[in-house]
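**Q** Residue numbers (our numbering): 9 to 109.
Printed below as a string of structure tokens:
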């Protein structure tokens with residue numbers, strides 16, 4: 009089983025995030041049920057309003073996820089550049105230290 013760190017960003021981006029939408033939908037319904045059960049004076053949330061709020065939350069979560077993926081890709085690119093610079097410095101040092109015959 010590969011470690012979580014060994015998974016490439018392309019594979020992570022390809023994985024569906026349906027569970028985020030399901031979690032938000034479940035949370036919204038739970039809040040709506042709790043509000044309707046809180047008493048006779050409680051205001052009931054219409055289904056259309058609940059669905060539109062769910063959709064807005066889902067869109068906001070997807071946007072945050074997209075921005076996070078962009079940040080991770082940028083960090084990986086920066087790490088790759090640092091790694092290449094270190095390898096080039098090591099090669100240069102080894103070339104300097106190697107005796108010429």
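Note that the Cβ used here is the ideal one computed from N, Cα and C, for glycine as well.
#1: Taking C-beta to C-beta, are residue 37 and residue 66 nearer than 9 angstroms?
#2: Is the Cβ-Cβ distance between residue 73 and residue 28 less than 9 angstroms?
#3: Excluding five sequence neighbours on each side, which residues of the same chain lie with their C-beta closer than 7 angstroms to the C-beta of residue 102?
#4: Can you tell me the Cα-Cα spacing of residue 62 and residue 95, whole angstroms?
#5: When you compare only the Cα positions, how much space is there between residue 97 and residue 75?
**A** So, from the data block:
#1: The sequence position of residue 37 within the chain shown is 29, counting from 1. The sequence position of residue 66 within the chain shown is 58, counting from 1. Taking 9 angstroms as the Cβ cut-off, residue 37 and residue 66 do not qualify as a contacting pair.
#2: Working through the chain shown from its first residue, we reach residue 73 at position 65. Working through the chain shown from its first residue, we reach residue 28 at position 20. Taking 9 angstroms as the Cβ cut-off, residue 73 and residue 28 qualify as a contacting pair.
#3: The residue labelled residue 102 in the question sits at position 94 within the chain shown. Hits under 7 angstroms: none found.
#4: In the chain shown, the residue the question calls residue 62 occupies position 54. In the chain shown, the residue the question calls residue 95 occupies position 87. In this structure, the alpha-carbon of residue 62 lies about 49 angstroms from that of residue 95.
#5: Start at 1 with the first residue of the chain shown, and residue 97 comes out as number 89. Start at 1 with the first residue of the chain shown, and residue 75 comes out as number 67. Taking the Cα positions, residue 97 is about 33 angstroms away from residue 75.
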